[in-house]
Structures are given as C-alpha cells and as structure tokens.
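Written out below as structure tokens is the structure these notes cover.
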Amino acid sequence: MQTKTDLESLIHDLQSSDRERSRAAARHLATMGPEAAPAAVALLELCGSDAEYDKWAIVALEEMGSPRQADADQLAGMLRNNCETVAYWAATLLGRLGSAADQTVSQLAQAMESSGSMAVRERSAWALGRMGPAIHRVSAQLHRTASGQHKRLARLAATAIESTK
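Residue numbers (the numbering used here): 147 to 311.
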C-alpha cells in the first residue's frame, strides 16, 4: 500500500520536465490499481505530449477504476481538450463516477454534440448513460443525438435515455 506522501511524490514526478522521470512515475502508477485514483487529473494533464508516457498513463487510468469525486469538475473541463486522448479519458472517468458526477451532464452533452472526435462524442454519450436522473437536464441534446445519422452515437444516446426509464 502506498502512503499519501508516496502518491504525492509520484504526482510531483509526473509533472517533471524530465521525461524519463514522468514516464517512470506513470509506469509506477500503472501498478497501483485503485490507489492511483488521486493521480487521475495529473495523469491526464500530460497526455498527448509523449507516446511512451501516454502508454503508461492509459494503463494507470484503465486500472484505477473510478477517480475521486472531487476531481469531477476538472475532468469535465478536460472534455474540451484538443488532445483526443485527454478528452476521451475525461469522459470515461466521469462515466465511471456515474451519478456522483451528475453536475457535469451539461459539459458531457456539449462534448457529445460538438466534439471534433467521434470517439469523444461516443464516450460522452456512454458517460451520460451512467449519470442517472440528472440527464433529464440534457434530454433535448440526447434526443437530437439519438435521432442523428451516426448509428453508434445514436444508439449510445438512446441507451442513455432508456437508462432513466
């Protein structure tokens, strides 16, 4: 089990200008499973700058499960990131939080409708399907998307709508 100090040190190392140091920190976080959850935002902030780093950051994100609820608003802000990996994983992590991140439904709906990446749009629709009753606030966007021309995206939006019935 990692101590809080160890985790803080790893998060600090992620932000190092020394690429090898940030890669090593991401590699270590990839072995920590759910204990790495407090590092979710820090892991995402550097994605897109180095392929080797991205590989380990994504493994860490895959293995950590849900991030901290306290990170939901920062993750929602990352939905607009120009890096597809960052936006995709922000949507994924918000979806994992489910109704604990229901304050982010508007940002998810906006990403679902207007992201330049189809993968981000689809992942945002998927995440909305896990938000519970709060998605009623974005029902117009969900219905528009469910009747759209992109079949997989439309299906994910329809599934989100059905999730609250």
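From the three backbone atoms N, C-alpha and C, an ideal C-beta is built for every residue, glycine too.
Is the beta carbon of residue i less than 8 Å from the beta carbon of residue j?
i: Leu243; j: Ala222; result: no
i: Asp248; j: Gly275; result: no
i: Ala265; j: Glu308; result: no
i: Ala172; j: Ala206; result: yes
i: Ala300; j: Ser293; result: yes
i: Ser245; j: Ala218; result: no
i: Ile157; j: Ala185; result: yes
i: Arg214; j: Ala183; result: yes
i: Gly179; j: Glu154; result: no
By Cβ distance below 7 Å, which residues in the same chain neighbour residue i in space, the five residues on each side in sequence not counted?
i: Leu190; result: Met224, Val232, Trp235, Ala236
i: Trp272; result: Gly241, Leu302
i: Ala306; result: Ala271, Leu274, Gly275, Ile281, Leu288
i: Ala304; result: Ala292
Could you have a look at residue i and say whether DSSP puts it in helix, strand or coil?
i: Asp196; result: coil
i: Thr231; result: helix
i: Gln161; result: coil
i: Gln215; result: helix
i: Gln253; result: helix
i: Gln287; result: helix
i: Ala296; result: The identity of residue 296 in the sequence shown is His, whereas the question assumes Ala. DSSP places His296 in coil when its eight states are reduced to three.
i: Gly275; result: coil
i: Thr238; result: helix
i: Ala176; result: coil
i: Ser270; result: helix
Cutting at 6 Å between CB atoms, please list the residues of its own chain near residue i, excluding the five before and the five after it.
i: Ser212; result: Arg242, Leu243
i: Ser261; result: Arg267
Counting only the same chain and skipping the five closest in sequence on each side, list residues whose C-beta sits under 8 Å from that of residue i.
i: Thr200; result: The question names Thr, yet the displayed sequence has Asp at residue 200. The residues are Cys193, Gly194, Thr231.
i: Asp196; result: Arg165, Ser168, Arg169
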